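The sequence shown begins at 208 in our numbering and counts up by one. Everything on this sheet refers to the single structure shown next.
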Amino acid sequence: MPRAGRRRAAAALTSVVVGVVALSGCAGPAASPHPAQPDAGVQLFQRPWTSIATECAATIGPAGFAWVLTSPPQEHITGSQWWTSYQPVSYTLDSKLGTADEFAAMVDACNAAGVKVVVDAVINHMAGIDDGTGFAGTPFSHDDYPGLYTAADFHHCALTADDDISDYSSREQVQTCELSNLADLDTSSPTVRSTIASYLNGLLDLGVTGFRIDAAKHMAADDVAAIVEMLPKDTMIVSETIRGGAAEAVQPEEYTSIGRVLEFQYARDLSPQVEGGVLSDPLLEDPRPSHVASKDAVVFIDNHDTERGEASLTYRDRGRYLLANALMLADDYGTPLVYSGYAFTDNDAGAPQDDTGHVIGWTCDGVTGPHDAYDDGDGVCTEAWTAVAGMLEFRAYAGDAPRLPGVGDGTVYGFEREARGILLVNPSNDADTVTVRTGLPDGEYCDVISGGRAAAVDGGCRGTALIVDHGELTAAVPGIGALAIHVGDRP
Ligand code: AAO
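In structure tokens, the structure reads:
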């Protein structure tokens with residue numbers, strides 16, 4: 208597709224997403240069970256472009272994801288650790304994840320599968336080491352990148368002994384000192400802004416839809432806004448602004464006028480409940496306490512940093528992690544971002560690489576849920592889990608109906624999206640049979656946790672069949688398991 212055509216296709220897809228997000232604020236269930244356009248994304252951490260291209264057509268598009276978030280595509284420092292991706296050396300699209308041609312082919316393949324591509328944009332800084340030669344052969348030193356930036360383009364804060372941020376209560380430190388020694392670009396400079404914008408516009412020209420703005424907290428919101436203003440108006444922006452508590456000088460709310468933000472508080476509230484086995488309703492108001500407004504939030508159970516840090520549930524928690532993802536996909540708050548990385552025991556270990564330093568790709572054929580055991584480097588493949596695809600379908604049919612107060616008894620907790628769908632989760636080890644009242648029409652339904660997307664087949668159900676009778680659903684919810692039914696999947 209020619210460049211302009213790609214741009215138009217991406218723009219059309221973006222407006223679809225915006226429309227869907229707006230839907231979640233609507234009141235009252237619609238009369239007929241027509242699925243909404245998908246809005247959920249999946250972060251494919253350290254997945255090479257050729258693998259993402261295959262996955263978009265094989266799994267991600269058919270599962271009903273609206274977008275993928277890729278790892279950073281630009282040239283980076285060399286090394287086996289995953290985090291070399293976060294030390295840019297140039298904006299050449301030649302990295303351990305693939306070449307410029309492979310990147311462009313991936314974007315085309317995903318767009319053709321109805322999946323938008325959102326790129327992790329590392330624009331706050333360049334490398335964190337003294338000097339070296341980048342993955343694509345570009346020589347550099349800490350604040351000198353040939354043809355791109357010289358020392359004058361960087362902050363030299365002189366506020367701490369080593370110029371590193373040490374105090375998050377100081378706005379000046381957070382936004383003009385170095386984050387872990389990473390050479391901090393002076394994003395107030397017009398030339399730096401236009402250099403960054405031309406990198407991002409080049410990606411949009413390839414058919415990309417938007418960006419995760421890495422380390423946005425470390426750039427003044429005005430600087431991020433000025434860069435985003437140099438991009439087309441419909442560019443999707445998701446700023447990474449870790450909510451760090453009231454004592455921090457920079458808060459996520461400062462970035463919501465630019466686009467959406469990653470709301471870290473969501474998983475901090477939900478995951479410990481699932482882990483502890485006692486669930487209760489969040490405050491069903493918008494915004495929830497310590498959260499940005501729903502329309503401004505992208506939510507996740509974990510990401511590549513938190514699975515190595517604060518996350519209380521990760522792929523290692525298998526069934527409970529799946530329950531947390533199901534609860535997120537059924538919820539009425541934010542735009543969900545499912546996370547899919549690889550197994551590791553060493554926090555620094557990159558995804559397996561070949562002897563040229565390229566990550567060896569993986570796809571998710573045959574994966575239907577969490578593995579019983581993981582070896583280092585195994586792809587987690589969350590995007591291929593039957594229950595995830597089922598919950599994406601639930602979201603399409605039920606996600607624009609109001610979330611009702613929780614139901615359940617014993618160890619089971621659940622909630623309904625009014626008259627459209629109901630999810631029941633059991634975070635304890637033992638199965639529990641419950642009866643709950645529901646506004647879903649009486650009749651037979653197919654559980655999409657066990658049956659997946661399109662669970663109804665040949666007059667029966669691929670997964671568990673459930674009956675709503677006289678406004679009541681009686682169901683045996685498996686231990687560390689869930690059931691979900693919705694009006695769009697009935698035999
Ligand atoms: C590597 C080496 C370093 C070396 C450096 C330079 O590990 O030893 O100095 O290279 O050679 C990634 C890796 C880094 C890696 C870097 C570059 O994680 O280890 O450094 O690539 O290769 C802050 C930022 C946030 C950032 C996070 C890691 O605000 O933006 O640090 N995340 C992004 C990416 C991340 C990436 C970068 C940025 C850099 O997602 O993968 O780094 O491109 C508090 C603050 C947060 C702060 C954290 C950590 O958070 O609020 O703003 O994040 O501390 O310093 C509780 C608290 C919460 C706290 C959190 C910490 O939940 O409530 O306040 O714990 O987890």
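For every residue, glycine included, the Cβ atom is placed at its ideal position computed from N, Cα and C. This structure is a prediction, so every number in the text was calculated from the model and none was measured.
Short of 6 angstroms from the beta carbon of LEU536, and not among the five residues preceding or following it, lie these beta carbons of its own chain, in chain order: PRO543, MET598, ARG602. Its Cα nearest to that of VAL614, the residue ASN633 stands out among ASN633, VAL325, HIS677, GLY584. Just so you know, the alpha carbons of HIS283 and THR681 end up roughly 55 angstroms apart.
Of the candidates PRO685, ASP503, THR285, PRO459, the residue whose Cα lies closest to the Cα of ASP639 is PRO685. In the three-state scheme derived from DSSP, where H, G and I count as helix and E and B as strand, ASN388 is classed as coil.
For ALA556, there is no enclosing beta strand (DSSP E), as DSSP gives it neither H nor E. Under the rule that a run must span 4 or more residues, the alpha helix (DSSP H) segments found entirely inside the segment 584-642 read 593-605. Between THR299 and GLN288, the C-beta spacing is not below 8 angstroms.
ALA423 and VAL435 do not touch by the CB rule: their CB atoms are close to 10 angstroms apart, not below 8 angstroms.
When distances are taken from the beta-carbon of SER547 to the heavy atoms of ligand 1, even the shortest one reaches 7 angstroms or more. With a 10 Å radius around the Cβ and a threshold of 16 neighbouring Cβ atoms, ASP583 comes out exposed. Within the model, the alpha-carbon separation for THR442 versus VAL641 is close to 46 angstroms. Cβ neighbours of ASP493 within its own chain (closer than 7 angstroms, five residues either side excluded): ALA500, SER501. Three or more beta-carbon pairs drawn from the segment 468-477 and the segment 445-453 are found closer than 8 angstroms, and the two stretches are therefore classed as touching. Note on ALA328: 16 or more other CB atoms within 10 angstroms of its CB, so buried under the neighbour-count rule.
Nearest neighbour of CYS668 by Cα position, chosen from GLU679, VAL296, GLY695, turns out to be GLY695.
For the options VAL457, GLU517, ASP524, THR513, the alpha carbon positioned closest to that of GLU482 is the one of ASP524. Within the DSSP bridge table, the entry for ILE403 names no partner. Closer than 7 angstroms to some heavy atom of ligand 1: that describes the Cβ of ILE449. Taking GLU309 as the centre and dropping the five residues before and after it, the same chain places the C-beta of TRP256, THR257 closer than 6 angstroms to its C-beta, in chain order.
Bridge pairing for GLU470: absent [DSSP].
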